[in-house]
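Chains as they are written, first to last, in full-length UniProt numbering: chain G, 1 to 366; chain D, 1 to 366. Quick reminder that beta carbons are idealized off the backbone N, C-alpha and C, glycines included. Small disclaimer: the values here were computed from a predicted structure and weren't measured. Comments concern the structure below.
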């Protein structure tokens, strides 16, 4: 036995074949939650239905005492109050956020961590002030390369005690749609979504959108913190350094038709013409096509796409299906304008991140 | 193989010894969610942190077209619009709701269903109009015994297709604190909490607080629907008719001290004097005492209780602990004024309902 940190933090591992979900994973599943798939009906996800993943605890921050520190390789370090931020120009962006671990629990073998199936997603209207102008006011040094964002949430992970911190390449941080957001869906940011202020980086997986933001640190070398260098890596083995997780790969989800069974969530519907609907998104480029299979990926037909409401918000789709009695496996897959297409089979990786293989939805037609 | 209903609905069962949580249970855990335990800090649970259990799908109801039908053994059947309800006298009650299945996944053997650990609870301010006055206006027949409440949510459960429906004894339905609620925490009822109108029955487990309410049916015989006669029974075997689940048994929860490990949720804190805090509630009577054990139930000492803010809302408690280095199992138990006390060991039942054995929280002190 080593330190306290080793004692409470098990090493990363992959489940044995057939191993069920453990109580540890269940504890995560009970506190974090996905989007109930019927909530795909909403263009903008109502508060409380948007997916939620908290690494440590939701901190209790006093908005009156909160300050955002802008430091590091800048000409004029800043310390901003909430009133300071709110006095700045305001914009609203509709953005789809997805957890990088979405789909993890469907992988075989299963990486042991937050056990998401398909539902770690949501779309909200985020309001706040552009980060780029705050950085301009601070005066970013020409030698800067990364920006580190620090949250107020603290805990241990794989033996490393830390305050949640993520680095972002400077060019991404300077995009004009990256926000210091203090409102969600036109109301105050809820505690669990990062109150009083969080970062929004449209197009990137959730880990980049640092909640409970307290620090913005401009760096002259690449950020080497845990959440960039150890976690959120697409890697094949424990000693593979892997590739960093960045933008959201395309995904389509089907709004489940018919009615569910409580326990299995299998859907039951009547035969006849069924309008299947759903959402599709990508953080790389607009979604260009959605295809639907009603025979578990044997054949695919194109769905009709709704408008793209914002560059990084999901778009709706619809597909008319003549449902015959029997059991069917429905699947949907999206392709974006940058050429990324959802795989039908898993592209396994050890952390189960950035995995976008096509949803499988069982329906029974009577 | 029998009917479609049999095909999609597995019979109720208990997990094998050592059997992990299945994908079916995980699908429930990913869409339903508990209160992240650090949110015990709030007197009133912010929206989105309150526990949530949806039997089937969250329905999409149009408030403009919504009607509440009051029918059955009444002199004057009613059909009320949302405006009709809102024009009636309004009251607000602070109420702690808990799922009857809370604690289920900690039982051994584990009943296979929504796998709650300790966190299926929340406290909200519910506003609406008293049901009793609506029933008085309809004129309840002297022969009435039960009232059946029908939601708009539909699905299958254990082979039975149904619209969610629960019966309540007439005497309970006529209590002056039973509400037709259309607001939560001073805002509109969110879709997932029953919009536009839900029932609130202070003191009872969650299954009684019918969401998406559309029908109130006064009955001259005991309600014999699935959710009263088959589900929500304290029973020891498949053929035991069991006893109905009614009011919430007392429970105390500890707000986890220190910081968590991401994966295990074990808490790490520094040695010294630690103020432990938490909440305790009962649906039978006010909480009269909370005791804390820092040695896994070996010895117990009383906590100091905060005020009881409302008859059926949780009350806070605090306990000063001198924490010495090492690993400790913290437990808390509540007793109410009606003499119910939380057991330290499980009181197993086949559905894993109304089970309130004391929380166990692992902390490592350094």
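Q) According to the neighbour-count rule (16 or more other Cβ atoms, all chains shown, within 10 Å of its Cβ), is residue 282/G buried or exposed? A) buried
Q.
Within 7 Å of any Cβ in chain G, is that where the Cβ of residue 81/D sits?
A. no
Q. Going by the beta-carbon positions, is the gap between residue 275/G and residue 336/G smaller than 7 Å?
A. Inclusion of residue 275/G and residue 336/G in the CB contact set at 7 Å is not warranted, their separation being larger than that value.
Q. Measuring CB to CB, does residue 180/G end up less than 7 Å from residue 160/G?
A. no
**Q.** Under 7 Å by beta carbon: chain D residues contacting residue 115/G
**A.** 26
Q. For the putative contact between residue 313/G and residue 96/G, defined by C-beta atoms under 8 Å, what is the C-beta separation to the nearest angstrom?
A. A Cβ-Cβ distance of about 5 Å is found for the pair residue 313/G and residue 96/G, placing them in contact under the 8 Å criterion.
Q) For residue 170/D versus residue 144/D, is the C-beta distance shorter than 7 Å? A) Yes.
**Q.** chain G contact residues for residue 34/D, given Cβ-Cβ distances below 9 Å
**A.** 30, 31, 33
Q | Proximity winner among 248/D, 278/D, 320/D, relative to residue 359/D (alpha-carbon distances) | A | For residue 359/D, the nearest C-alpha among the options comes from 278/D.
Q: On a CA-only basis, which of 216/D, 69/D, 366/D, 63/D is nearest residue 190/D? Give me that one, please.
A: Measuring C-alpha to C-alpha distances from residue 190/D to each of 216/D, 69/D, 366/D, 63/D identifies 63/D as the nearest.
Q: Tell whether a beta-carbon distance below 7 Å holds between residue 141/G and residue 222/G.
A: no
Q: Please confirm if the stretch 242–260 of chain G is in contact with the stretch 349–357 of chain G, defined as three or more CB-CB distances below 8 Å between the two stretches.
A: yes
Q.
Taking beta-carbon pairs under 7 Å, can you tell me which members of the stretch 46–65 of chain G lie near chain D?
A. 46, 47, 48, 49, 54, 55, 56, 57, 58, 60
Q | Separation of residue 346/G from residue 33/D, as counted between CA atoms | A | Cα to Cα, residue 33/D sits roughly 27 Å from residue 346/G.
Q: Kindly indicate if chain G contains any beta-carbon less than 7 Å away from that of residue 87/D.
A: no
(Q) Let's see if you can read the secondary structure: which residues bound the beta strand (DSSP E) around residue 153/G? (A) 146–157
Q) How about the stretch 121–134 of chain G and the stretch 162–178 of chain G: do they share at least three Cβ pairs that are nearer than 8 Å? A) yes
Q.
Check whether chain B comes within 7 Å of residue 223/G, counting only Cβ atoms and requiring the distance to be less than that.
A. Here the protein chains are G and D, and chain B is not one of them.
Q) Alpha carbon to alpha carbon, how far is residue 153/G from residue 320/G? A) 46 Å
Q. To the nearest whole angstrom, what separates the beta carbons of residue 166/G and residue 227/G, a pair I think is in contact under 8 Å?
A. 5 Å
Q | Proximity winner among 99/D, 348/D, 352/D, relative to residue 208/D (alpha-carbon distances) | A | 99/D
Q.
Just to confirm before moving on: does the CB-CB distance between residue 16/D and residue 20/G stay below 7 Å?
A. No. Outside cutoff.
Q: Look up residue 184/D in the DSSP assignment and give the residues it is bridged to.
A: 126/D, 187/D
Q: Note down, one range per segment and in chain order, each beta strand (DSSP E) of at least 3 residues found wholly within the stretch 59–98 of chain D.
A: 67–72, 78–81, 91–98
Q: Could you say which of 328/G, 364/G, 340/G, 245/G lies nearest to residue 351/G if we only look at CA atoms?
A: 245/G
**Q.** Contact set between residue 7/G and chain D, taken where Cβ atoms lie within less than 7 Å
**A.** 364
Q. Between the stretch 295–310 of chain G and the stretch 320–332 of chain G, do three or more beta carbon pairs fall short of 8 Å?
A. yes
Q: Would you please verify whether the beta carbon of residue 352/G is less than 7 Å from any beta carbon of chain D?
A: Not one chain D Cβ lies under 7 Å of residue 352/G.
Q: Take residue 30/G as the anchor and find which of 308/D, 187/D, 114/D has the nearest alpha-carbon.
A: 114/D
Q | Backbone CA spacing between residue 318/G and residue 292/G [nearest angstrom] | A | 9 Å
Q: Could you name each continuous beta strand (DSSP E) segment of 3 residues or more that falls completely within the stretch 202–236 of chain D, going from the start of the chain to the end?
A: 213–219
Q.
Cβ closer than 8 Å: which chain D residues qualify as neighbours of residue 183/G?
A. Simply none; closest approach about 15 Å.
**Q.** Same chain only: Cβ atoms within 6 Å of residue 381/G, ignoring 5 sequence neighbours per side
**A.** This structure does not reach residue 381/G, given that chain G is present from 1 up to 366, and the question cannot be answered.
Q | Neighbour-count burial assignment, residue 57/D, 16 or more Cβ in a 10 Å radius | A | buried
Q. Taking Cβ-Cβ distances shorter than 9 Å, what residues in chain G pair up with residue 111/D?
A. Result: empty, since nearest Cβ-Cβ is about 11 Å, beyond 9 Å.
Q) Going along chain G in order, which residues have a C-beta closer than 8 Å to the C-beta of residue 261/D? A) 8, 9, 155, 156, 157
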